[in-house]
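Asker: Residue numbers (the UniProt record's numbering), protein chains in the order written: chain A, 1 to 148; chain B, 1 to 148.
Every residue gets a Cβ at the ideal spot worked out from N, C-alpha and C, and that includes glycine.
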DNA sequence: TATTGACTTAGAGTTAACGTTAAGGTTTAT
DNA sequence: ATAAACCTTAACGTTAACTCTAAGTCAATA
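(1) Rounded to the nearest angstrom, what separates residue 71 (chain B) and residue 82 (chain B) at their Cα positions?
(2) From B:124, B:6, B:85 and B:76, pick the residue whose C-alpha is nearest to that of residue 65 (chain B); which is it?
(3) Is it true that the CB of residue 69 (chain A) sits closer than 9 angstroms to the CB of residue 52 (chain A)?
(4) Establish whether the CB of residue 62 (chain A) and some CB of chain B are separated by less than 9 angstroms.
(5) Tell me, please, whether the CB atom of residue 118 (chain B) is closer than 9 angstroms to any CB atom in chain A?
(6) For residue 96 (chain A), I'd like the list of residues in its chain whose CB is within less than 8 angstroms of its CB, leaving aside the five on either flank, ordered along the chain.
(7) Tell me which residue opens and which closes the alpha helix (DSSP H) that residue 16 (chain A) is part of.
(8) What in chain B is Cβ-close to residue 58 (chain A), meaning under 7 angstroms?
(9) Assuming the contact rule is C-beta atoms closer than 8 angstroms, residue 28 (chain B) and residue 48 (chain B) should be a hit. Round their C-beta distance to whole Å, please.
(10) Give me the Cα-Cα distance between residue 44 (chain A) and residue 115 (chain B), rounded to the nearest whole angstrom.
(11) Give me the chain A residues within the contact set of residue 121 (chain B), using Cβ-Cβ distance strictly less than 9 angstroms, ordered along the chain.
(12) Could you name the residues of the same chain whose beta carbon sits closer than 6 angstroms to that of residue 103 (chain B), not counting the 5 residues immediately before and after it, in chain order?
(13) Which residues, taken in chain order from the segment 87-99 of chain A, show a beta carbon closer than 9 angstroms to some beta carbon of chain B?
(14) Count the other C-beta atoms from every protein chain shown that fall within 10 angstroms of the C-beta of residue 89 (chain B), then say buried if there are 16 or more, exposed otherwise.
(15) Could you check where the alpha helix (DSSP H) with residue 80 (chain B) kicks off and where it finishes?
(16) Is residue 237 (chain B) close to chain A? Criterion is C-beta to C-beta, closer than 9 angstroms.
(17) Where does residue 1 (chain A) land, buried or exposed, given buried means 16+ other C-beta within 10 angstroms?
(18) Return no unless some Cβ of chain B is closer than 9 angstroms to the Cβ of residue 55 (chain A).
Dropping the structure here:
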């Protein structure tokens, strides 16, 4: 029971490099070694890495994750602090998601706008404008200069 | 009708520096100048910048935004391409948001877990464990070494 | 036992998207 | 007229999160 860097990396869908990097950054403390000095990850490490990845994947910086890890290392007196930290993070992420959704709405509007324009344009082209192109300059009266 | 860099920057909540940077990177083409050479942004520029910011704020890279701008500069033949690009981006962002939500659920679980542990711990401390701490080592029998 | 391949380290390099500083000049607003 | 804001170029600095390199060590197989 225990994994090499490579196995661990596969399980976590990360590169071995990143695992070593995380360890160096203090995100994965107390990783055991074999006699030879090779990393030997436990299931506990794997579970912990799971949480670390969750935090990272929701945008928490490595610096902040390190703070979280440091709290954990200080024992159960920091349970409340850790809980608060996660709660704060959760709220931030939720706010972030809301913002993304707002921005996305604007994009959706633009898409609708473009779709309409595209339909107009392509139908215009299908019924005669294509021919005009080959004959010379399009009369400016017919072709309003669109901003989009 | 027209804005200086500073005004424009305030409207967009960016620094003047970033506006010049975006222009240099090709994100804001055809910005008019005064006789003297100062930038003189139009409402059209402002609107365009709005879209650029939306894309940026939903995580599109400057490189990709530049591609989008370049399509626009090629005229209405690229309407479909632009539309497709935005659609693809939208889907990506939606996928990203879903993923965030999934990760967030895990965080929520952890929070519940921590809350429970914290309550146990603090009630334990309130009814006698605090005293024990001042007397010496906590007997290992009573204090299971938690992984969290 | 030899060799291959995975592991180790420290440290340098990369990328994106800015930010900073400076020099030296021009424009605009009051 | 004078101060504040603007211009350009150009290079250097910053931060985050990797990513790679070099030079060496360890482990498993033929």
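Answerer: With the structure as the only source:
(1) Locating residue 71 (chain B) in the second chain gives position 71, counting from the first residue. Locating residue 82 (chain B) in the second chain gives position 82, counting from the first residue. About 7 angstroms.
(2) On the second chain, residue 65 (chain B) is found 65 positions in, with the first residue counted as 1. The residue with the shortest Cα to Cα distance from residue 65 (chain B) is B:85.
(3) Numbered from its first residue, the first chain carries residue 52 (chain A) at position 52. Numbered from its first residue, the first chain carries residue 69 (chain A) at position 69. Yes, Cβ-Cβ distance for residue 52 (chain A) and residue 69 (chain A) is below 9 angstroms.
(4) Numbered from 1 along the first chain, position 62 holds the residue referred to as residue 62 (chain A). Not an interface residue.
(5) As a position in the second chain, residue 118 (chain B) is number 118, starting the count at 1. Chain A has a Cβ within less than 9 angstroms of the Cβ of residue 118 (chain B).
(6) Within the first chain, the letter at position 96 stands for residue 96 (chain A). In chain order, 59 place their CB closer than 8 angstroms to the CB of residue 96 (chain A), counting only its own chain and leaving out the 5 sequence neighbours on each side.
(7) Reading the first chain from its first residue, position 16 is the one you call residue 16 (chain A). For residue 16 (chain A), the uninterrupted alpha helix (DSSP H) run begins and ends at 16-24, by DSSP.
(8) Against the first chain, residue 58 (chain A) aligns to sequence position 58. Under the 7 angstroms cutoff, chain B gives 100, 103, 104 and 107.
(9) The residue you call residue 28 (chain B) lines up with position 28 of the second chain. The residue you call residue 48 (chain B) lines up with position 48 of the second chain. At roughly 7 angstroms, the Cβ-Cβ gap stays under 8 angstroms, so residue 28 (chain B) and residue 48 (chain B) are in contact.
(10) To locate residue 44 (chain A), count along the first chain from 1; it is residue 44. To locate residue 115 (chain B), count along the second chain from 1; it is residue 115. Whole-angstrom Cα-Cα distance: 20 angstroms.
(11) Stepping through the second chain from its first residue, residue 121 (chain B) is reached at position 121. Within chain A, the residues near residue 121 (chain B) are 76, 77, 79 and 80.
(12) Position 103 of the second chain holds residue 103 (chain B). Closer than 6 angstroms at Cβ, skipping near neighbours: no residue.
(13) Within the segment 87-99 of chain A, those residues whose Cβ lies closer than 9 angstroms to any Cβ of chain B are, in chain order, 87, 89, 90, 93, 94, 96, 97 and 99.
(14) Along the second chain, read from residue 1 onward, the residue named residue 89 (chain B) stands at position 89. Residue 89 (chain B) should be labelled buried.
(15) Translated into the one-based positions of the second chain, residue 80 (chain B) becomes position 80. Note, residue 80 (chain B): alpha helix (DSSP H), 79-124.
(16) This structure does not reach residue 237 (chain B), given that chain B is present from 1 up to 148, and the question cannot be answered.
(17) For the purposes of this step, residue 1 (chain A) is taken as the residue at position 1 of the first chain. Exposure of residue 1 (chain A) is indicated by the presence of fewer than 16 other C-beta atoms within 10 angstroms of its C-beta.
(18) Taking the first residue of the first chain as position 1, residue 55 (chain A) is located at position 55. Yes, because at least one Cβ of chain B sits closer than 9 angstroms to the Cβ of residue 55 (chain A).
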